[in-house]
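Structure first, then comments.
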Amino acid sequence: KAGVTQTPRYLIKTRGQQVTLSCSPISGHRSVSWYQQTPGQGLQFLFEYFSETQRNKGNFPGRFSGRQFSNSRSEMNVSTLELGDSALYLCASRGQSGNTIYFGEGSWLTVV
Amino acid sequence: AQSVTQLGSHVSVSEGALVLLRCNYSSSVPPYLFWYVQYPNQGLQLLLKYTTGATLVKGINGFEAEFKKSETSFHLTKPSAHMSDAAEYFCAVSEPKAAGNKLTFGGGTRVLVKP
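Residue numbers (the numbering used here), protein chains in the order written: chain A, 1 to 112; chain B, 1 to 115.
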């Protein structure tokens, strides 16, 4: 079965713009989480959604937001982009019966 | 709060030699433990995990890890390194039986395999 799918894979934005990233979880998975990966801070948890509700949130400013749709697909949005937002954004999903978290290939965001 | 420490941000091994990557965690209760591998320009791939039961866990690509509660460790080993093992490895923990899927990661260890 298909894995976690993230789009777009690569994008370049200008400071001050906003960006939306998309994630389709593994079929049947209702839990979707987002992580930011940077050389300096490593892998950091952004937030998690389950059944269209935010269940957990990391320590990121309000410029970072997300949502989940009824088909479990999720989007994350970053507004007023800063240079420091340049990172690999990873989406992960987990099924209800398992405790394994599966990751997508990520979306590479460069802010110039 | 949980935390994960990976000793050594870079490890260099010769092809055919033992690979040993160290991971220690801090948690109020024994967590679920994971090792992920990341190849260049790719996402994270699960190598193995420990939740309950046998403390020696075997994963993909010949890797294994042992959970030692008394040492709060979950070190990853592979008896014989292959060139294809060159990648970055992340140890991660999650709260057992938690409803969510929040992982706390270590800083990662980049493995270089010399021919």
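From the three backbone atoms N, C-alpha and C, an ideal C-beta is built for every residue, glycine too.
Where the beta strand (DSSP E) through residue i begins and ends
{"i": "A/Lys13", "result": "10-13"}
{"i": "A/Ser97", "result": "No beta strand (DSSP E) holds A/Ser97; DSSP gives it neither H nor E."}
{"i": "A/Gln37", "result": "31-38"}
{"i": "A/Arg3", "result": "A quick correction: the sequence has Gly, not Arg, at residue 3 of chain A. Here A/Gly3 belongs to no beta strand (DSSP E), and DSSP marks it neither H nor E."}
{"i": "A/Asn77", "result": "74-78"}
{"i": "A/Ser65", "result": "64-68"}
{"i": "A/Gln54", "result": "53-57"}
{"i": "A/Phe45", "result": "42-50"}
Spatial distance of residue i from residue j (CA atoms)
{"i": "B/Phe67", "j": "B/Leu33", "result": "8 Å"}
{"i": "A/Leu46", "j": "B/Ala92", "result": "15 Å"}
{"i": "A/Thr38", "j": "A/Pro8", "result": "18 Å"}
{"i": "A/Phe60", "j": "A/Trp34", "result": "12 Å"}
{"i": "B/Val13", "j": "B/Thr77", "result": "12 Å"}
{"i": "B/Asn61", "j": "B/Val4", "result": "23 Å"}
{"i": "B/Thr55", "j": "B/Val19", "result": "19 Å"}
{"i": "A/Thr80", "j": "A/Gly62", "result": "10 Å"}
{"i": "B/Pro82", "j": "B/Gly108", "result": "Position check: residue 82 of chain B holds His in this sequence, whereas Pro was assumed. Approximately 19 Å between the Cα atoms of the pair."}
{"i": "B/Val113", "j": "B/Trp35", "result": "19 Å"}
{"i": "A/Ile12", "j": "A/Ser24", "result": "21 Å"}
{"i": "B/Ser104", "j": "B/Ser94", "result": "One detail in the question is off: residue 104 of chain B reads as Thr in this sequence, not Ser. Each residue's Cα considered, the two are about 6 Å apart."}
{"i": "B/Ala17", "j": "A/Val112", "result": "43 Å"}
Beta-carbon proximity list for residue i, same chain, < 6 Å, skipping 5 on both sides
{"i": "B/Arg22", "result": "Leu7, His75"}
{"i": "B/Arg110", "result": "His10, Glu88"}
{"i": "A/Tyr10", "result": "Trp108"}
{"i": "B/Lys102", "result": "none"}
{"i": "A/Met76", "result": "Leu21, Trp34, Gly66"}
Residues of its chain near residue i, where Cβ-Cβ distance is below 7 Å and the 5 sequence neighbours each way are ignored
{"i": "A/Ala87", "result": "Gln36, Gln37, Thr38, Leu109"}
8 Å CB neighbourhood of residue i in its chain, flanking five on each side removed
{"i": "A/Tyr49", "result": "Ser31, Val32, Ser33, Arg55, Gly66, Arg67, Gln68, Ser74"}
{"i": "A/Gly58", "result": "Gln44, Phe45, Leu46, Phe47"}
{"i": "B/Lys58", "result": "Leu48, Glu64"}
Check your understanding: How do the region 37-49 of chain B and the region 86-105 of chain A stand: do at least 3 beta-carbon pairs fall below 8 Å, yes or no?
Key -> yes
**Study point:** Start-end ranges of the beta strand (DSSP E) lying completely within the region 45-105 of chain B, minimum 3 residues
**Key:** 56-58, 64-68, 73-78, 87-94
Check your understanding: So does the region 56-72 of chain B actually touch the region 57-71 of chain A, counting three or more Cβ pairs closer than 8 Å?
Key -> no
Point to revise | Contact between the region 90-99 of chain A and the region 15-29 of chain B (3+ Cβ pairs under 8 Å) | key: no
Point to revise | Whole runs of the beta strand (DSSP E) within the region 11-36 of chain B, excluding any shorter than 3 residues | key: 19-26
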